[in-house]
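Below: one structure, written as structure tokens.
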Amino acid sequence: MTQVPLFDGGAGTDQFNIDGISLRAFTASANNPSLGANLTLWETVDVQNGGALRLTGDLFDTANTGILKLSNAASTLDLQEGTTATTTIHGDFDSVGVAKVDTVLGDSSSASDVLHITGGTAGSTVLQVNNLGGTGALTTGNGILVAQVDGSSSGTFALPGGALIAGQFLYSLQKIGNNWYLQSQANTGTVQVSKTVVGPEGAPAFSGSIPFTLTCVSPDLSQQGSIAVVNNAGAADPITVTAGSTCSVAEGALPAAPSGYGWGAATLPAATGPVPLGGNLTLAITNTLVKQNTPTAIPTPVPSLSQWALALLSLVMAGFTAMGLRRSRMR
26 MTQVPLFDGG AGTDQFNIDG ISLRAFTASA NNPSLGANLT LWETVDVQNG GALRLTGDLF
86 DTANTGILKL SNAASTLDLQ EGTTATTTIH GDFDSVGVAK VDTVLGDSSS ASDVLHITGG
146 TAGSTVLQVN NLGGTGALTT GNGILVAQVD GSSSGTFALP GGALIAGQFL YSLQKIGNNW
206 YLQSQANTGT VQVSKTVVGP EGAPAFSGSI PFTLTCVSPD LSQQGSIAVV NNAGAADPIT
266 VTAGSTCSVA EGALPAAPSG YGWGAATLPA ATGPVPLGGN LTLAITNTLV KQNTPTAIPT
326 PVPSLSQWAL ALLSLVMAGF TAMGLRRSRM R
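Under the numbering used here, the first residue of the sequence shown is numbered 26, with each subsequent residue one higher.
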């Protein structure tokens, strides 16, 4: 509905039903068609049957407090205008529907829409948060205020799915006193790559540094590292990744194996996940030492003499013998 500057309830106890339509509205002493309809002098505003109230300012006023109802799960209170502000409900809030707010998901100083209720709350409201460019940060103290309740805070607020993710931070909704805050924690876990070297009986132990590449998806990550292996076993320093990621590992070029041995095929783990929030996932690699066969030494053959060579050798020997006999006679 558009182009209706004022809905005036007048004197008495009145109820305004927003039934299956979307209405942009506020309550003020003067009309402002650019902000939608002015809802004034109503004691109850009831959003029904999937209707939506897009509030561009406060609802009710201090002289005429009322109650805002979201009567079914599809009924919506929409504060999302692309900027952040505090919107006040002068009265009570009774809801089983959805409230939408804009928030910059960062640290505790981040800007956010605040639903301020001067009375009390009842029911259970799903709070849908539109992140205005926040990249995630760790909140401290109470966190980011999104709902302020001055009266009895019996109603509850909950995030769809229970949590929001911005960057490497997980946001949850917490009630502190009467109010509701977004609080964050690191949405990370760690992955550690380990290695075991096995070999046949009698094989010497291996020590050395072996490179690897860790690859994760959802979100994507590729990071290189190295494993310090001492006496056939070792592990790399844990690598921080986003919780819920699925990760796999590939090893780089292996250093020289111990003398007399070579490297067999490596056993790599399959892609594993999800990485648990705040926990550690280990990817184990196994390398095998294989004994190398030492070739048997082949004896060097003794050269053989041909028949002509033997005949020539015989003549030479005979000549030396004849010379010896001649010298002997001359004496």
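For every residue, glycine included, the Cβ atom is placed at its ideal position computed from N, Cα and C. If you're wondering where the values come from, they're calculated on a predicted model, not measured in any experiment.
Put residue i into one of helix, strand or coil per three-state DSSP.
i, result
"SER59", "helix"
"PRO236", "strand"
"GLY186", "helix"
"SER247", "strand"
"TRP67", "coil"
"GLY37", "coil"
"LEU293", "coil"
"GLN199", "strand"
"LEU163", "coil"
"ALA50", "strand"
"GLN317", "coil"
"PHE231", "coil"
"THR87", "coil"
"ALA278", "coil"
"LEU157", "coil"
"GLY287", "strand"
"LEU308", "strand"
"LEU95", "strand"
"LEU102", "strand"
"SER273", "strand"
Can you grab the Cα-Cα spacing for the pair residue i / residue j, in whole Å?
i, j, result
"PHE237", "VAL121", "52 Å"
"GLY285", "VAL315", "9 Å"
"THR221", "ALA268", "26 Å"
"GLY168", "ASN203", "14 Å"
"ALA291", "SER243", "26 Å"
"THR240", "VAL216", "10 Å"
"THR101", "ALA261", "51 Å"
"LEU195", "PRO185", "13 Å"
"PRO299", "ILE264", "15 Å"
"THR38", "THR164", "44 Å"
"ALA99", "GLY303", "35 Å"
"GLY45", "LEU78", "10 Å"
"ILE43", "LYS94", "10 Å"
"LEU279", "VAL254", "12 Å"
If I follow the unbroken beta strand (DSSP E) through residue i, where does it start and stop?
i, result
"ASP175", "That residue, ASP175, is in no beta strand (DSSP E); it is neither H nor E in DSSP."
"GLU106", "From DSSP, GLU106 is part of no beta strand (DSSP E); its letter is neither H nor E."
"PHE32", "31 to 33"
"ASP44", "40 to 44"
"ALA211", "204 to 211"
"PHE118", "116 to 120"
"ASP127", "123 to 128"
"ALA258", "258 to 260"
"ALA77", "77 to 80"
"VAL139", "139 to 142"
Using 8 Å for Cβ pairs, my map puts residue i next to residue j. What's the rounded Cβ distance?
i, j, result
"ASP132", "THR113", "Not quite, the Cβ-Cβ distance comes to about 25 Å (not below 8 Å), so this is no contact."
"THR128", "VAL174", "18 Å between Cβ atoms; not a contact."
"GLY91", "GLY116", "4 Å"
"VAL126", "LEU140", "7 Å"
"GLN249", "GLY287", "With a Cβ gap of about 25 Å, GLN249 and GLY287 do not count as contacting."
"THR143", "GLY180", "Not quite, the Cβ-Cβ distance comes to about 14 Å (not below 8 Å), so this is no contact."
"SER219", "ALA309", "5 Å"
"THR65", "ASP33", "5 Å"
Give a yes or no on contact between the stretch 153 to 164 and the stretch 207 to 215, applying the rule of three or more CB pairs nearer than 8 Å.
-> With a cut-off of 8 Å, the stretch 207 to 215 and the stretch 153 to 164 count as touching, because enough Cβ pairs lie within range.
At a cut of 8 Å, does the stretch 50 to 58 reach the stretch 67 to 83 through at least three beta carbon pairs?
-> By the C-beta criterion, the stretch 50 to 58 is judged to be in contact with the stretch 67 to 83, since at least 3 inter-stretch pairs fall below 8 Å.
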